[in-house]
Amino acid sequence: MKLPIRSRVIAAFGLLSMLLSVHLAADAQGIPPRSEAAHAQHLMPTRFDLVPASDPIAACLPNAAATVAVFPREDIRGVDTLDLHAEGLRPNTTFAVFLTEMPVPPFGAVQYIGDFTTNAAGRGSVRVDAIIDEAFAFNNITGVRTELNHIVFWFADPNDDEDCVPGSAPGHFDGDDQSGVAAMSSKNFLPGAPLP
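If you're matching positions, the sequence shown starts at 0 in numbering that gives the first Met the number 0 and goes up one per residue.
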């Protein structure tokens, strides 16, 4: 149904008056207007690659590759979105994904954010909606805040890494407190970090 011109004009003025009142309210509260360029820059995803977490993994999985994209949406949706895509891994294998303080042992503070399982071709992916760009761990006793600016994923089952690192001791990087070794990490960013 097509609206008459008069109705469209009234609706347009209503929308303009609502936008003006929002702008004036923000101005009255001292909230500086965000430029279009700053807003667009803030919404740009952070993209980076992960690399094999150790020399034995690199030798065992020579085609291993993983790409991460973090979409900063916390200001809009309350959470960011992290997309991780990996290939060249062991087929039909589950991996546990963590945000970490450091990308190499002992890894420091960590946060378990998800799992993914590879298909028969060794490809897998996961999407995580969580606070990523501003992730941190906080020790309420000491008052120490630790930034979690790296990503590492581990073999979720300690038996799944035996072809690559025979006899490795189980780790604690999975929900059941039993994991294999770290498979891929953001250690290629040292001494910096890929996340802000």
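Glycine included, each C-beta is placed from N, C-alpha and C at the ideal position.
Asked: Please go through the same chain and pick out, in chain order, the residues whose beta-carbon is closer than 7 Å to the beta-carbon of Leu128, but skip the five residues on each side of it.; Found: A small correction: the amino acid at residue 128 is Asp; Leu does not occupy that position in the sequence shown. Excluding residues within five positions, the ones whose Cβ falls inside 7 Å are Val78, Thr80.
Asked: Between which residues of its own chain and Asp162 is the CB-CB distance below 7 Å, once the five residues before and five after are set aside?; Found: Cys59
Asked: Taking the Cβ atom as the reference point for each residue, do Val45 and Leu189 lie within a distance shorter than 8 Å?; Found: First, the amino acid is wrong: residue 45 is Thr here, not Val. For Thr45 and Leu189, no; Cβs fall outside 8 Å.
Asked: Among Gly87, Ser124, Pro55, Met101, whose alpha-carbon lies nearest the alpha-carbon of Ala68?; Found: Ser124
Asked: Could you check whether Ala155 and Phe94 sit closer than 8 Å to each other, using their CB atoms as the reference points?; Found: yes
Asked: Three-state secondary structure (DSSP) at Ile130?; Found: coil
Asked: Distance, Cα to Cα, Pro119 vs Asn138?; Found: The question names Pro, yet the displayed sequence has Ala at residue 119. Going by the C-alpha atoms only, they are around 41 Å apart.
Asked: Are there 16 or more other CB atoms within 10 angstroms of the CB of Arg144, so buried, or fewer, so exposed?; Found: exposed
Asked: Taking Cβ to Cβ, would you say Val109 is nearer than 8 Å to Thr99?; Found: yes
Asked: Applying the 10 Å Cβ sphere with the 16-neighbour rule, what's the burial state of Asp159?; Found: buried
Asked: Find out if the Cβ-Cβ distance for the pair Val50, Asn187 is shorter than 8 Å.; Found: yes
Asked: Tell me whether Thr141 is buried or exposed, calling it buried when 16 or more other Cβ atoms sit within 10 Å of its Cβ.; Found: exposed
Asked: To the nearest angstrom, report how far apart Ser53 and Met101 are at their CA atoms.; Found: 14 Å
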